[in-house]
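Here's the structure, in C-alpha cells; my notes come after.
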Amino acid sequence: MAVLIGFVGLLACQLLGELIVKAGHLPIPGPVAGMIVMLIALMVRGRVPDGVRLVSEGLLKYLTLLYVPAGVGIMVYFATLGQNLLTIAVTLVGSIVLTQVVTALVLKALTRKRGQNEADCS
Amino acid sequence: MTPAIDQLWVYLTSEPLLNLLLTFVAYMIGVTLHRFFRGFALFHPVIVATTLIVLTLLGTGTSYTRYFDGAQFIHFLLGPATVALAIPLYDHLGKVRQMLFPIMSACVIGILVAAVTTLGIAYAMGASHELLMTLAPRSVTTPIAMGVADELGGIPPLAVGFVLLTGAIGATTGPLLFKLLRIDDPAVQGFTMGLSAHGFGTAQSFSTLGPVAGAFAGLSMGLTGLVTAFLLPVLVMWLGG
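These protein sequence lines are chains A and B, in that order. Mind the numbering: the first sequence is residues 898 to 1019 in the numbering used here, read in order. Mind the numbering: the second sequence is residues -6 to 234 in the numbering used here, read in order.
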C-alpha cells in the first residue's frame, strides 16, 4: 500500500497544481505548482510519509531516464539545429561557464561572510 | 525478409511496446557506457540513449510521433517527478532557512546571469526571436523548461534538447571551474551544479562531489526551476522580447 499511497500523493498534488494554474491563469507549469502544493502539505504534516519518500526517491533516482522521450524530439529539429550550430554552441558554453563562475563566487562570498559573523558572535 | 517475419515486424512497429522497450534498453546501454567511461559527461546515459534511439528511428524509418506513442508512458512520469522535487527541498528546509539569504541571492543572481548571457550572446550572434525564446529556459529541468518555452513563444521540444545539452556541458565544466576558482565547500559546489545543470548536475554531484553536494544540487535544481518559472517571463517582457 505504501507505494500506492505515495503515488497517489504525488499525482494528487500534481492535479491540484494543474487546477490552480488553470483557474488562476498563472504563467508557471502545472507540475511546478504541484511541487509547491507538496511542499506546503509536507510542512503542515511535519514529516515525509514513507510511501511518498519511497516513490519520490525512485522517480528522482531515474530522473534522467524521464528526459529521453522528449530529448528524442530533437530529431524533428535537426535542420534548425544545423543552421544555428555555431550560435547555439557558443551561447551554451559561454553562458554556462559565466553562470557557474558567478553563482559559485556569489554564494561563496555570502556564506563566508556569514561564517565570519558567527565566529565574531561566539 | 520472409512474409511471416515481415508481418511480425509490421505488428511490432504498430505496438507502443517496442518503442517503450527501445527507450529502456537504450538507457541501460547508456548507463553501462557511462560507468565504463568513469562518468565522462558526453557519455551521459541520456545523451547515449537519445543518440541510439534517434539512429534506430532514422534507420527503421519510424516517425517521432509513432515513437512517442510508446515512450509517452515514460514521459508522463516527468510530472510526478517534478512534484517529487519537493522532498529534497523539504529535507533541507532547516539548512535552507538558515542560509536563506545567501541561497536566494545566489539563486536569483545565477538565474539572471544565465538568462541575460544566453539571450545576450545568442542575440549578438544573430539568433532569431524564436531561437532566443527557445534557448532562454535552458538551465532549468525539462518539464519546467518546456512549460516556460511554450509560455515565451519558443519551440518546447527543441528547448528540451538545449536543456539536455546544458546539463551535459554544465556537469563537465562545473568541477573544472571549482578547481580553478578553489571552491571547496560542497554546499557551494552542489548549489552551483544544480542551478546551472539541473538533473545532470545533481546526478554528477551525488556521484563525484559527495552527498552534501548532491543534496544541495537537488535543492537548487528545484528552487531554480521554481524561481525561473516566475522570473523568466517577466525578464523577457522587460528586455522587450
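All C-beta atoms, glycine included, are put in the ideal place defined by N, C-alpha and C.
query, result
"With respect to 7 angstroms, is the separation between the Cβ of Leu11(B) and the closest non-hydrogen atom of the ligand SAM below this value?", "The ligand SAM is not among the ligands present in this structure, which contains no ligands whatsoever."
"Please confirm if the stretch 973 to 984 of chain A is in contact with the stretch 140 to 155 of chain B, defined as three or more CB-CB distances below 8 angstroms between the two stretches.", "yes"
"Is it buried or exposed for Pro204(B), if we count other Cβ within 10 angstroms and need 16 for buried?", "exposed"
"Along the stretch 899 to 916 of chain A, what residues have a CB closer than 8 angstroms to any CB found in chain B?", "Phe904, Leu907, Leu908, Cys910, Gln911 and Gly914"
"Using a Cβ cut-off of 8 angstroms, which residues of the stretch 970 to 998 of chain A contact any Cβ in chain B, in chain order?", "Gly970, Ile971, Met972, Val973, Tyr974, Thr977, Leu978, Asn981, Leu983, Thr984, Ile985, Val987, Thr988, Leu989, Val990, Gly991, Ser992, Ile993, Val994, Leu995, Thr996, Gln997 and Val998"
"Counting only beta-carbon separations shorter than 8 angstroms, does Ala920(A) have a partner in chain B?", "no"
"Are Ile40(B) and Leu157(B) close, meaning C-beta to C-beta below 8 angstroms?", "yes"
"On a Cα-Cα basis, can you pick out the residue from Thr984(A), Ile993(A) and Leu1004(A) that is closest to Tyr116(B)?", "Thr984(A)"
"Is His68(B) helix, strand or coil by DSSP?", "helix"
"Grouping DSSP H, G and I as helix and E and B as strand, with all else coil, what is Ala120(B)?", "coil"
"From Gly927(A) to Leu912(A), what distance separates their C-alpha atoms?", "8 angstroms"
"Using a Cβ-Cβ cut-off of 8 angstroms, state whether Leu957(A) counts as contacting chain B.", "yes"
"State the DSSP-derived secondary structure class of Ile24(B), mapped to helix, strand or coil.", "The sequence shown places Val at residue 24(B), not Ile. Three-state result, Val24(B): helix."
"Please report how far the alpha carbon of Ile902(A) lies from the alpha carbon of Arg950(A), in whole angstroms.", "10 angstroms"
"Under 8 angstroms between C-beta atoms, does Gly948(A) make it to chain B?", "no"
"Using a Cβ-Cβ distance under 8 angstroms, would Phe941(A) count as near chain B?", "Note on identity: in this sequence residue 941(A) is Val, with Phe being the wrong assignment. Output row for Val941(A): interface = no."
"In whole angstroms, what is the alpha-carbon distance linking Ser1019(A) and Arg1009(A)?", "In this predicted model, Ser1019(A) has a pLDDT of only 39, less than 50, meaning its place in the structure is not dependable; the value taken from the coordinates is given anyway. Taking the straight line joining both Cα atoms gives about 16 angstroms."
"When the distance is taken between beta carbons, is Leu995(A) closer than 8 angstroms to Val181(B)?", "no"
"Taking the C-alpha atoms as reference points, what is the distance between Ser198(B) and Ala190(B)?", "10 angstroms"
"Answer with yes or no whether the minimum CB distance from Leu951(A) to chain B is below 8 angstroms.", "no"
"Nearest chain A C-beta to Met92(B) closer than 8 angstroms, yes or no?", "yes"
"Tell me whether Gln997(A) is buried or exposed, calling it buried when 16 or more other Cβ atoms sit within 10 Å of its Cβ.", "buried"
"Out of Leu128(B), Leu219(B) and Gln65(B), state which residue places its alpha-carbon closest to the alpha-carbon of Thr110(B).", "Leu128(B)"
"Closer than 8 angstroms, CB to CB, is Thr25(B) near chain A or not?", "no"
"Give me the Cβ distance between Leu956(A) and Ala74(B), rounded to the nearest whole Å; I'm assuming they're in contact under 8 angstroms.", "4 angstroms"
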